[in-house]
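Residue numbers (our numbering), protein chains in the order written: chain B, 443 to 639; chain D, 143 to 816; chain P, 3 to 180; chain U, 945 to 1233.
Backbone N, C-alpha and C fix where the C-beta goes; we use that ideal spot for every residue, glycine too.
In what follows, a single structure is set out as structure tokens and then discussed.
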Amino acid sequence: MFEIQRTIKYEADRVPGFGREVMGVPGCEKLKDCIQCGTCSGVCPLSIYMDYTPRQVMALTREDFKREVLGSHTIWLCASCYACAVECPREIRITDIMYELKQRAIHEGVYPRRFPIPVLAQEFTKMVHDHGRVSEGLLVTKLFLKTNPLAALGMAKLGMGLMKTGRFSVKQENIKRRAELAKIVETVDQENLKGKA
Amino acid sequence: MAKQEQEVRIGFYVCHCGTNIAAMVDCPEVAQFVGTLPGVVLSKDYKYMCSDPGQELIQQDIREHRLNRVVVASCSPLLHEPTFRSATEKGGLNQFYFHMVNIREHDSWVHTDRAEATSKAKALAQAAVHRVAHHKPLETKRVSINPTTLVVGAGIAGIHAAMTIANSGKKVILVEREPTIGGHMAKFDKTFPTLDCAACILTPKMSDVGSHENIQVLSYSEVTKVDGFVGNYTVTVKRKPRYIDEEACIGCQDCIPACVFKQPKFADEFNEGLGKRRPVYIPFPQATPQIVAIDPNTCLNFKKGEDGGRVVSDKCKKTCVEACGDKNAIDFTQVERIEEYEVGSVIVATGFQTFDARRAPAYGYGRFPNVYTSLEIERLVNASGPTGGHVVMRDGKSEPRSVGIIHCVGSRDKKTNVWCSRVCCMYSMKLAHLLKEHTGAEIYNFYIDVRTPGKGYEEFYNKLLDEGVHFIRGRVGEVTDWAMTPDEEGKLVIRVEDTLAGYVRRIPVDMVVLATGLEPQQDAQDVRRMFNMSCGSEGFFLERHPKLAPVNTFNDGIYIAGACQGPKDIPDTVAQAGAAAAEVLALIDKGFVEQEPNTAFILEDECSGCKSCIPLCPYTAILFDEGKGRAYINEALCKGCGTCVGSCPSGSIVQNLFDDEEIFSEIEGVLAYE
Amino acid sequence: MSKEWKPRLVAFFCNWCTYTAADLAGVSRLKYAPNVRVIRLMCSGRIDPQFILEALTKGADGVLIGGCHPNDCHYVEGNYKMLRRFQLLKRMLGDMGIEPERVRLEWISAAEGEKVRRVVNEMTEQIANLGPLGMPGRFAEWDREVESLAAQIEAREGGGCGCGSSGAETAEKEVAHV
Amino acid sequence: MKYGYFPGCSLKGTGRAYEESLLPVMQHLGIEMRELDDWSCCGATAYMAVDEGKACALAARNLAIAEQEGHAQLMAPCSACYLVLNKTQHYMAEYGAMKRLVDKALGSVNLRVTRPTPVRHPLDVLLNDVGLEAVKQKVTHPLKGLKVAPYYGCQIVRPYSTFDDQADPQTMDRLLESLGATVVDWPLKTKCCGGSLTGTLPKAGLRLAYILLKEARKRGADVIATVCPLCQFNLDGYHDKIAARWEPVRIPTVYFSQLMGLAFGLPAGRLGLQRGFVPMKPLAAVTAA
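Structure (structure tokens):
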């Protein structure tokens, strides 16, 4: 016995306008020029772990398959090494498109649950908002507690080692003008809202 | 002007050009508007003005309505001005009583708002109506055509064009910068898709050229200067010294083995550096002319001179001279010579260069010895190549068991060359076939798209599929030498997304072939300037019209053929060379050209004799009459740029077709419409 | 004017490079602002500064000149010669209070259809921001001022010596300095 | 020579040894580095994934502070900071909307970016401002016989770097040569170290680190030299896990600045060398000399 699955896509599976919307974002406009050559996947160090290769993400985005793209692992596996963007023969900034897709996935809350990467991104952001700087030790600790407490045990040895070499601290770094930072963030939020209105 | 006693009667026609114009410009409205302008006797819109009925319409109206001016609003005057001028003339008017308005290229094709486009068309039409009222009858000037033709570049395009013209009994001067004619094609082993041997079809043609009574081959020479105009060009040719008296050398090649270098030692250009040659050499056995050349950079009889160039040192034993004996063909004192030739027309067939694979660093050319360019493989599979057709890798002995051919290297890439080079798919498949035939290796083709638009090409693709050559659709990410698995050790690893299978793959191979694209020659811009041509944005020479004048340039009497106009394969190149030859022969056969009468003249009464115009003329057409204290223009030398007219302080120079009153009325016209 | 004002540009393009480039823009179906009206000349060297002045006085809001790139002139160096004249003209226009953006010189080769599109769009936008030049209106105004001044003078001097015209001339000079 | 100095969060945490070695080395070369007052997070990778506009505003805050303090140039040793600060300037120049957004956000706290401040990597400064000759003159303990694999990682050469080749960078190679070391030619100079995936998705992230370590060892390197705190952490911190998953590939990974310090004869104990997990054994001889 084996399970079978339908893979056909109907027009109803598309979210018309999604591709155009992404291509309207600064840095993402050249997606229009993609010729599906696969160079991005060919140079990507992580493409071998992806459910869709970067090239497929480009095709799916352009064809409005929003759910597939935002729900993919690919966008979270991108390590931002920019190899694809540099090698792309159409000068598509694939890394920046990945960022845009990550933002949309977070915004819509569609990333896989307990998937550590988006959680890391959010924890990171929160820490920056609150304190202005990132304290790596604290960040990692929080991350593991939120996603996989068991794995935290596996990392304990590394943590101990870091502490021994004076590199691990759960002390929170702070900047002085935190209010200033909060105001900047708030203004961006307001502008974004205005933009959407 | 005083002579305009006659009442101006203008006929105006606006062309729909099918829907090309009519879709964006309301043609009836334009016609209706122009009909209200003073001087316009009739105003019509018509579907296709350039068609026979359209031209007939003009002629008929001239007769019936006693028109004495004609304006047509349609496409670019660069396309159809001659058509309508001739219709005007056939209608019984002087052809220069015509003016043309460009509402297609400059209006309907570039705008998106119908009202705006219509309004622009009206303004442009009104300007023409204003202008044409001031037109004067002019006569064209006939210039005779020198029946000798210059062909620049002796690859297959230049050879074919030269032969075609020479066979009709006309003289040809064929200039080639290398020591032999033949170009890139001479380096190829087989040609696609028929796999007939390049040498078998090319070398007989080469020797025919060499011995043709109507063709003068100037090998190892370069054109450095071109003066004159259609029908009468003076061309300056630099004859580079090959240190051999071309008349005396009989091509016995006894001097070559006699050279003091017992073994060939220097990189052989013809073999893409894969073989070696001596300082005295002949590029390949069937080279034409059959004359050796001495390379002063490696010959021991030369040393570095004070200005950095090579000068004779006389330090060598000169065993070559000894071997030459009383033929006395070796002449170390030879220097560069400058010669001038008079010709009537020119065919530029300067070809292409291949993309430098080092510009695609991810593929490791120059870093990994067993990464080759396609041209190197051409020599490697060639029976007369450096290994006698034995395909071995750089170690000189081992045959590859697996080969990866990477397509589109330096093509379809915005970082290097954006265009498709057209020939790489086919030549890659040809090389795949030959490599498989020679070595039995597994061959992988990595492609973005397989493009086989040519007679028998798709069939060739099928043949390759039948032969079991792998085709993997994916542009290679990188070629590296680090191994992940034991079978990758010591190999070149190609990492690529197999986009059709949907997997990223690592494929270890012994040899990588880079299918490098075609690009304009290094000095294409200099050549373009010399012949007053234009280049497209990619740097290939621009044809006058992509469909209707594919071998003409914007400069009359200068034609282009072959890959200097854009990447193309041998069949297309030969076809184009034939077309260029036909254009030249048509010109020679006609015997004369009519020149646009847009020359300038000086109103003697108004000239103040300030002489400021004289140094402005690049053709020294303006002279000074000391007796009268006035300048005057030699019409035969004037080419009608109007620079002197624009700068004359007393306004005493007039340019036919572009005189002040014509232009001022045009300015007024375009602005009169709200 | 009841209609909404839109910039009007007159362009002088040389036959060999820029006019051909504009044709190429057409063949390539590039879209650009419809505000430009092209006048074809054989060479940018033919451009007399008076053409530009004439265009501005007859109601153009801007003038674009297109010629071959340096070293690429079909007539060897007509473009250079025009460039020299152009520099002088620019200074003069500046003295007249005409913004420098209104008269623009661009080298556009036959292959640069895209550049035609970019330059026309840029210039249209710039001039739309500057607003109408309104030379015809300004001239009419100047004429009226001159006339009224002349009338005043005539009234003051009783119009005895028939020097009305010379009076108008001096008045014009004065007005020009305002 | 004076530069504003943007350390970034890592150089105060896991990448502490980078700062500990870079500052004395630069001082030794007569370069003044003034740390920006009250700098904040650069807006790094993780932030870009949440909100690009905020990330740019954050980066721009630091640029505005640099401008306010009158720095003509800003040195950013961390690769991620280097990239984000550069990217922000590119985006602000290229996209009017981004510039308006950032200007507005900064304006709300009376900060302003009025001119581009060149953001420089220490390698760029060392090669192009200081010059290799000046570096050589300071070398008292040449790293003779030490085989170093220079590892640039991704973000300093891609995509905004102007000072080195994207495919085959050379600056660190030449710097290391001038210290007397033998540079190991290896093809993985600019490959990804796994980034933050070593922590979040070890299966994928650690494999990348493993490949780098394995190849460096195979090519006979004694030590890997790096320019980025995250790279150093990934290549140094996970040897046990890598050994458990694949095979042991122990090889030390240090900052290029630590090697410079050693070559300059600065006290080894003050270069943060004790902070590495895999000690740099072969250097014992060098430092003793």
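With DSSP as the reference, label residue i as helix, strand or coil.
i: Trp109(P); result: strand
i: Cys470(B); result: coil
i: Glu320(D); result: coil
i: Tyr452(B); result: coil
i: Val560(D); result: coil
i: Ser483(B); result: helix
i: Ser1105(U); result: coil
i: Phe444(B); result: coil
i: Thr492(D); result: coil
i: Gln476(D); result: coil
i: Leu623(B); result: helix
i: Cys159(D); result: coil
i: Thr658(D); result: strand
i: Ala1093(U); result: strand
i: Gly467(D); result: helix
i: Ser4(P); result: Only weak support exists for where Ser4(P) lies, its pLDDT of 44 falling under 50; the value from the coordinates is given anyway. Here Ser4(P) sits in coil by DSSP.
Is the CB-CB distance between residue i and residue j below 8 Å?
i: Gly1018(U); j: Gly974(U); result: The sequence shown places Leu at residue 1018(U), rather than the Gly named in the question. Going by C-beta atoms, Leu1018(U) is not nearer than 8 Å to Gly974(U).
i: Val212(D); j: Phe238(D); result: no
i: Leu179(D); j: Ile204(D); result: no
i: Thr503(B); j: Val464(B); result: yes
Please report how far the alpha carbon of residue i lies from the alpha carbon of residue j, in whole angstroms.
i: Leu1007(U); j: Thr958(U); result: 24 Å
i: Ala400(D); j: Val463(D); result: 9 Å
i: Val1128(U); j: Glu518(D); result: 30 Å
i: Gln1110(U); j: Glu529(B); result: 10 Å
i: Arg384(D); j: Ile398(D); result: 14 Å
i: Gly169(P); j: Arg146(P); result: Any answer about Gly169(P) is weak, because its pLDDT of 44 lies below 50 and its placement is not dependable; what the coordinates show is given next. If you take the alpha carbons of Gly169(P) and Arg146(P), they lie about 14 Å apart.
i: Val1069(U); j: Lys946(U); result: 11 Å
i: Cys394(D); j: Val422(D); result: 13 Å
i: Ser577(B); j: Ile450(B); result: 47 Å
i: Lys445(D); j: Cys458(D); result: 11 Å
i: Ala409(D); j: Glu318(D); result: 21 Å
i: Cys790(D); j: Asn131(P); result: 36 Å
i: Gln971(U); j: Gly987(U); result: 28 Å
i: Val294(D); j: Asn587(D); result: 36 Å
i: Ser366(D); j: Phe494(D); result: According to the sequence displayed, residue 366(D) carries Thr and not Ser. Those two C-alpha atoms are separated by around 19 Å.
i: Met327(D); j: Met166(D); result: 48 Å
i: Thr496(D); j: Pro692(D); result: 23 Å
i: Arg686(D); j: Gly451(D); result: 41 Å
Assuming the contact rule is C-beta atoms closer than 8 Å, residue i and residue j should be a hit. Round their C-beta distance to whole Å, please.
i: Arg140(P); j: Gly61(P); result: Not confirmed; about 11 Å, so no contact.
i: Ile775(D); j: Phe766(D); result: Incorrect: roughly 11 Å between the Cβ atoms, too far for contact.
i: Ile1237(U); j: Leu1141(U); result: Residue numbering for chain U in the displayed model covers 945 to 1233; residue 1237(U) lies beyond these limits and cannot be assessed.
i: Cys169(D); j: Met191(D); result: That pair is no contact at about 11 Å.
i: Phe334(D); j: Lys572(D); result: 4 Å
Report whether the distance from the Cβ of residue i to the nearest heavy atom of the ligand COA is below 7 Å.
i: Tyr362(D); result: This structure simply doesn't include the ligand COA, nor any ligand for that matter.
Short-range partners of chain B found in the region 547 to 572 of chain D, where Cβ spacing is below 7 Å: The region 547 to 572 of chain D vs chain B, Cβ under 7 Å: Arg554, Asp555, Lys556 and Lys557.
Against chain B: residues of the region 630 to 641 of chain D by CB proximity under 7 Å: Answer in chain order: Arg637, Val638, Glu639 and Thr641.
Residues of the region 524 to 540 of chain B with Cβ closer than 7 Å to any Cβ of chain D, in chain order: Correct list: Glu529, Pro531, Arg532 and Glu533.
Residues from the region 588 to 622 of chain D in contact with chain B, defined by Cβ distance under 7 Å: Here the close residues are Ile590, Gly616, Arg617, Val618, Gly619 and Glu620.
Selection of the region 649 to 672 of chain D by Cβ proximity to chain P, strictly under 7 Å: Correct list: Arg671.
Members of the region 49 to 62 of chain P near chain D, C-beta cut-off 9 Å: Cβ contacts with chain D come from Ile49, Asp50, Pro51, Gln52, Phe53, Glu56, Ala57, Lys60, Gly61 and Ala62.
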